[in-house]
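Asks: Numbered by this note's numbering, the letters in the sequence shown go through residues 5 to 450 in order.
Idealized CB from N, CA, C, for every residue including glycine.
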Amino acid sequence: MTIVPNSIEARDIAYQLHPNVNLRKYEKTGGLVIESGDGIYVTDTSGKRYIEGMAGLWSVALGFGEKRLAEVAKAQMEKLPYYHTFSYKTHGPSIDLAEMLIKMAPVPMSKVHFTSSGSEANDLACKMVWYRSNALGLKDKKKIIGRVKGYHGVTIASASITGLPRNHESFDLPLDRMIHTSCPSYVHFGLEGESETEFTARILKDLEDLILKEGPETIAAFWGEPVMGAGGVLTPPAGYWEGVQEILNKYDILLVADEVICGFGRTGKMFACETFNIKPDVLVVSKQISSSYMPLSAIIVNDRFYQPIADESNRIGVFGHGFTASGHPVATAVGLENLKIIQERDLVGNAARLEEKFLGGLAKLAEHPLAHSSRGVGLIGALEMKPWEGAAAGDAAAALSAACEEEGLICRNVAEALCFCPPLIITAEQIDDMFACVARALDKVA
Ligand code: PLP
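(1) Quick check: the Cα distance between K291 and H332, rounded to an integer number of angstroms?
(2) Any contact between the stretch 373-380 and the stretch 322-330? By contact I mean 3 or more CB pairs, one from each, below 8 Å.
(3) Tell me where the beta strand (DSSP E) around M58 begins and ends.
(4) Per the contact definition of three or more C-beta pairs closer than 8 Å, is the stretch 197-212 in contact with the stretch 242-251?
(5) So I384 and C425 are in contact, right, with Cβ under 8 Å, and what is the actual spacing, rounded?
(6) Buried or exposed: which applies to H22, given that a residue is buried once 16 or more other Cβ atoms fall within 10 Å of its Cβ?
(7) If you follow the beta strand (DSSP E) that Y45 is in, where does it begin and where does it stop?
(8) Grouping DSSP H, G and I as helix and E and B as strand, with all else coil, what is V231?
(9) For M182, which of T222, G272, A18, V46 has the nearest alpha-carbon?
(10) Pick out whichever of Y297, I293, L287 has its Cα sitting closest to the Cα of I303.
(11) Check whether the stretch 434-447 and the stretch 74-87 touch, using three or more Cβ-Cβ pairs below 8 Å as the test.
(12) Out of T336, A432, R270, point me to the one whose CA is closest to L101's CA.
(13) Strictly by DSSP, which residues pair up with T185?
(14) Identify, in the order they occur along the chain, each residue of the same chain with its Cβ nearer than 7 Å to the Cβ of A109, setting aside the five sequence neighbours on each side.
(15) Nearest by alpha-carbon distance to V338: which of D315, G324, S295 is it?
(16) So for M113, helix, strand or coil by DSSP?
(17) Mind checking whether the beta-carbon of N417 lies closer than 7 Å to any heavy atom of the ligand PLP?
(18) Are the C-beta of G34 and some C-beta of chain D separated by less than 8 Å?
(19) Which value, in whole angstroms, describes the spacing of the CA atoms of K107 and E348?
(20) Please return the same chain residues whose Cβ sits closer than 7 Å to the Cβ of N281, not counting the five positions on each side in sequence.
(21) Between I160 and L179, how many whole angstroms is the CB-CB distance? I'm expecting something under 8 Å.
(22) Ignore the nearest five residues each way along the sequence and tell me which others in E359's own chain have a CB closer than 6 Å to its CB.
(23) How about Y30: is its Cβ closer than 7 Å to a heavy atom in the ligand PLP?
(24) Can you tell which of I17, V37, G69 has the C-alpha that lies nearest to the C-alpha of K29?
(25) With hydrogens ignored, establish whether the beta-carbon of D262 is closer than 7 Å to any heavy atom of the ligand PLP.
(26) Say yes only if the C-beta of W62 is nearer than 7 Å to one or more non-hydrogen atoms of the ligand PLP, and no if none qualify.
(27) Kindly identify the DSSP beta-bridge partner or partners of L413.
(28) Less than 6 Å between C-beta atoms, sequence neighbours within five positions excluded: which residues of the same chain meet that for E200?
(29) Excluding the 5 residues flanking R111 on each side, which residues of the same chain have their C-beta closer than 6 Å to its C-beta?
(30) From R308 to W62, what distance separates their C-alpha atoms?
(31) Is there contact here, the stretch 129-149 with the stretch 161-177, by at least three beta-carbon pairs under 8 Å?
(32) Excluding five sequence neighbours on each side, which residues of the same chain lie with their C-beta closer than 7 Å to the C-beta of K254?
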């Protein structure tokens, strides 16, 4: 793309430092400037329309033009644009949404604490895990187990639990207390001749071996996304989550389920914990909680997690944590309305009903000579490409992603996978349109 002086692209290059790009490359190429959105589509400044096959960043469940959310935000801004939840003060929207989350949680939960991003929520959950261990007099029980290819955000603790080198390198991370166990992706880490069952047993043994090596009394919590998203949509093999929970229970280790991507319908159930029979102590949610119309996230904790923390705050005199925007009234009002719409329109059911079509479409694309395989659950999936001979790892998926963009589809390449996570409002016909773009793009790069 030629950058015209003083154009919006040129001003973007001049003034913004962007996340998740090669900054030197960005100085030359700039980015695609999106101007408006409607349904599953977004439009750039030249008027070109794209299917947003990633729902933004795995998050815009209701699509890009939900008027009810705009109206609720306006009404709340006019009534009470800001208030906090500190120092014995509170307000209606945060109370209403907390109640709704407790009532809809997949397992009995006790309390909700609001934050504004997935990273903040994971960071807070981590701090609370440490606070709780101290409350219980377990001063050595502080280590946290994340997984290779897991993603939990970019703040210091969240990035440390994340198992992706790009989020560690040159940031002096991970922190020493964060350790990582094997990734449960059979496609990527299964050995030659190893069955999926044997793979699962090996990965579970890795986890138990790590716990025993470190000392179970030093391990406080295990962190996991039910389906790994940013690692490349990595679905767990059968029996994996049951096995993990058996090991954690044996050694009294807390389970934190990071449902920042999966929560609120993505896997065809309200929570992926229901899809995979996971019983977490802490549930971390964000993204689809407000369809990302407002920054909002939360941790939802059970009683065995909450009680020691309440005792410790009583001993100290205060729970010394909180953000200016914790439970922000506009964000929580929008979140509440968003979840009501997800329920009223049965968008969780939509994801469940369209799963077969969505995964079937991906499987069909995987028959292309350039493709290796496909995977997914509900309305989240990936097409794994065959690596190109002589090319750098990831080049095939990057080329396909660029070709999709030319064809009018935004999706995301992660290593050799092309990821799809469309808005939950997508229809069967729109899934056909989305995959028709991919089919044309595959032929283009072939
Ligand atoms: N956890 C998971 C599973 C995520 O996918 C993400 C973001 O993609 C995060 C946490 C971090 O959320 P945020 O970008 O809002 O900080």
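Replies: According to the data block:
(1) As a working note, residue 291 is residue 287 in the sequence shown. As a working note, residue 332 is residue 328 in the sequence shown. Taking the straight line from one Cα to the other gives about 15 Å.
(2) Between the stretch 373-380 and the stretch 322-330, the count of Cβ pairs shorter than 8 Å is below three; the stretches do not touch.
(3) To locate residue 58, count along the sequence shown from 1; it is residue 54. According to the DSSP assignment, M58 belongs to no beta strand (DSSP E), since it is labelled neither H nor E.
(4) The stretch 242-251, when compared against the stretch 197-212, does touch it at the 8 Å Cβ threshold.
(5) Position 380 of the sequence shown, counted from the start, is the residue given in the question as residue 384. Position 421 of the sequence shown, counted from the start, is the residue given in the question as residue 425. Contact between I384 and C425 holds, since their C-beta atoms are separated by about 5 Å, short of 8 Å.
(6) Along the sequence shown, read from residue 1 onward, the residue named residue 22 stands at position 18. Under this definition H22 is an exposed residue.
(7) Along the sequence shown, read from residue 1 onward, the residue named residue 45 stands at position 41. First-last of the beta strand (DSSP E) with Y45: 45-48.
(8) The residue you call residue 231 lines up with position 227 of the sequence shown. Coil, per DSSP.
(9) In the sequence shown, the residue the question calls residue 182 occupies position 178. Nearest of T222, G272, A18, V46 to M182, Cα basis: T222.
(10) If you number the sequence shown from 1, residue 303 lands on position 299. Nearest option by C-alpha distance: L287.
(11) No contact exists between the stretch 434-447 and the stretch 74-87.
(12) For the purposes of this step, residue 101 is identified with residue 97 of the sequence shown, where counting begins at 1. By alpha-carbon distance to L101, the top candidate from T336, A432, R270 is T336.
(13) Mapped onto the sequence shown, residue 185 falls at position 181. Beta-bridge partners assigned by DSSP to T185: R151.
(14) The sequence position of residue 109 within the sequence shown is 105, counting from 1. Spatial neighbours of A109 in its own chain (CB-CB distance under 7 Å, excluding positions within 5 residues in sequence) are listed in chain order as L287, I304.
(15) Translated into the one-based positions of the sequence shown, residue 338 becomes position 334. Ranked by Cα distance from V338, the first of D315, G324, S295 is S295.
(16) What you label residue 113 is simply residue 109 of the sequence shown in a count that begins at 1. DSSP places M113 outside both helix and strand once states are collapsed to three, so it counts as coil.
(17) Locating residue 417 in the sequence shown gives position 413, where the first residue counts as 1. Outside the cutoff, so no.
(18) The question asks about chain D, but that chain is absent: this structure has only one protein chain.
(19) In the sequence shown, counting from the first residue as 1, residue 107 sits at position 103. In the sequence shown, counting from the first residue as 1, residue 348 sits at position 344. Each residue's Cα considered, the two are about 16 Å apart.
(20) The residue you call residue 281 lines up with position 277 of the sequence shown. Cβ contact annotation for N281 (same chain, cutoff 7 Å, sequence separation greater than five): W245, E246, in chain order.
(21) One-based indexing of the sequence shown puts residue 160 at position 156. One-based indexing of the sequence shown puts residue 179 at position 175. Yes, they are in contact, since the Cβ atoms of I160 and L179 sit about 7 Å apart, within 8 Å.
(22) Residue mapping note: residue 359 aligns to position 355 of the sequence shown, counting from 1. Counting only Cβ-Cβ distances below 6 Å, and skipping sequence neighbours, we find G272, G382.
(23) In the sequence shown, counting from the first residue as 1, residue 30 sits at position 26. No, the Cβ of Y30 stays beyond 7 Å of every heavy atom of the ligand PLP.
(24) Position 25 of the sequence shown, counted from the start, is the residue given in the question as residue 29. With distances taken between Cα atoms, K29 lies closest to I17.
(25) For the purposes of this step, residue 262 is taken as the residue at position 258 of the sequence shown. The beta carbon of D262 sits closer than 7 Å to at least one heavy atom of the ligand PLP.
(26) As a first step, residue 62 must be located in the sequence shown, where it is residue number 58. The answer is yes for W62.
(27) In the sequence shown, the residue the question calls residue 413 occupies position 409. Under DSSP, the beta-bridge partners assigned to L413 are I55.
(28) The sequence position of residue 200 within the sequence shown is 196, counting from 1. Within the same chain, Cβ atoms closer than 6 Å to the Cβ of E200 are found at Y190, P241, the five residues on either side in sequence being excluded.
(29) Here residue 111 refers to the residue found at position 107 of the sequence shown. What sits at residue 111 in the sequence shown is Val, not Arg. Here V111 has K283 as same chain residues with Cβ atoms under 6 Å from its own Cβ, once five neighbours each way along the sequence are excluded.
(30) Locating residue 308 in the sequence shown gives position 304, where the first residue counts as 1. Locating residue 62 in the sequence shown gives position 58, where the first residue counts as 1. Going by the C-alpha atoms only, they are around 31 Å apart.
(31) Look at the beta carbons and you see the stretch 129-149 touching the stretch 161-177: at least three pairs across the two are nearer than 8 Å.
(32) As a position in the sequence shown, residue 254 is number 250, starting the count at 1. Cβ neighbours of K254 beyond the five flanking positions: none.
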